[in-house]
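>
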Amino acid sequence: MNPHALFDLGADYNALMAEIEEADGVLTPELEARHDEIVARLAGSAANVKMALQMIERGEEDLDEWIAKLSRRKASLQKEAERWKSAAIANMIGMRINRLEGVLNGVPVKLAVCESESVAVDVEAEKLPDELCTVTRTPDKKAIKAAILAGDEIAGRVAHIERKTYLRVS
27 MNPHALFDLG
37 ADYNALMAEI
47 EEADGVLTPE
57 LEARHDEIVA
67 RLAGSAANVK
77 MALQMIERGE
87 EDLDEWIAKL
97 SRRKASLQKE
107 AERWKSAAIA
117 NMIGMRINRL
127 EGVLNGVPVK
137 LAVCESESVA
147 VDVEAEKLPD
157 ELCTVTRTPD
167 KKAIKAAILA
177 GDEIAGRVAH
187 IERKTYLRVS
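Numbering (the numbering used here), first residue to last: 27 to 196.
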């Protein structure tokens, strides 16, 4: 299915409209028949576009389902890996061993119990003093748009309004 087939019909439709205009809007039986045929083909093309979009969207939904399944599988594997790591650490600490070395299928293997530290914040950021926080600046897009539309030169130099054309299918 060619998504550009509608354009092929557009040339036929425009040529027919030009002929109808030349005939001062009078629809001869031949022009009316051509008009009805082109409109029917356009309607068929519109139905094809809708069907193609539905098939594509269903494919997207299928992918979303697979992504969800794979995400759950990944989480399960990560949990199992953590379980193995925790067991190895517990056993090594229990035996008072900080390092193990061996060979698996000709590949050297080393296990070591290591420690690291990080900061865990126990309260919400709003409750911390300013000197313990960073400030993130976020553009206020509504204010910027209003300023651009009002003719503000500074806003016009640092941002622009993007207009997008889209197709609504119902």
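Just so it is clear, CB atoms sit at the ideal spot from N, CA and C, and this is done for glycine as well.
Specify, as a first and last residue, the run of the alpha helix (DSSP H) that Leu-79 falls within.
It spans 55-120 - the alpha helix (DSSP H) in which Leu-79 sits, taken as one unbroken run.
> Below 8 Å, how does it come out for the stretch 104-124 and the stretch 137-152: are there three or more Cβ pairs, yes or no?
Judged by Cβ distances under 8 Å, the stretch 104-124 makes contact with the stretch 137-152, as three or more pairs qualify.
> Is the beta carbon of Leu-57 closer than 8 Å to that of Glu-223?
The structure shown does not extend to residue 223, since the chain spans only 27 to 196, so no value can be given for it.
> Quick one: grab the DSSP three-state call for Gly-132.
Coil at Gly-132, not helix or strand.
> If you follow the alpha helix (DSSP H) that Gly-182 is part of, which residue opens it and which one closes it?
Note, Gly-182: alpha helix (DSSP H), 179-184.
> Would DSSP call Glu-127 helix, strand or coil?
Strand, per DSSP.
> Use the C-beta contact count for Ser-71: other C-beta atoms within 10 angstroms, 16 or more gives buried, fewer gives exposed.
Flag for Ser-71 reads buried.
> Leaving out five residues before and five after Ala-151 in sequence, what residues of the same chain have Cβ atoms less than 7 Å from its Cβ?
Once the five neighbours on either side are set aside, the close Cβ partners of Ala-151 are Cys-159.
> In terms of residue numbering, what span does the alpha helix (DSSP H) encompassing Lys-190 cover?
Segment: none, Lys-190 is in no alpha helix (DSSP H) and carries neither H nor E.
> Rounding to the nearest angstrom, what Cα-Cα distance links Ala-101 and Ala-94 in this structure?
Cα to Cα, Ala-101 sits roughly 11 Å from Ala-94.
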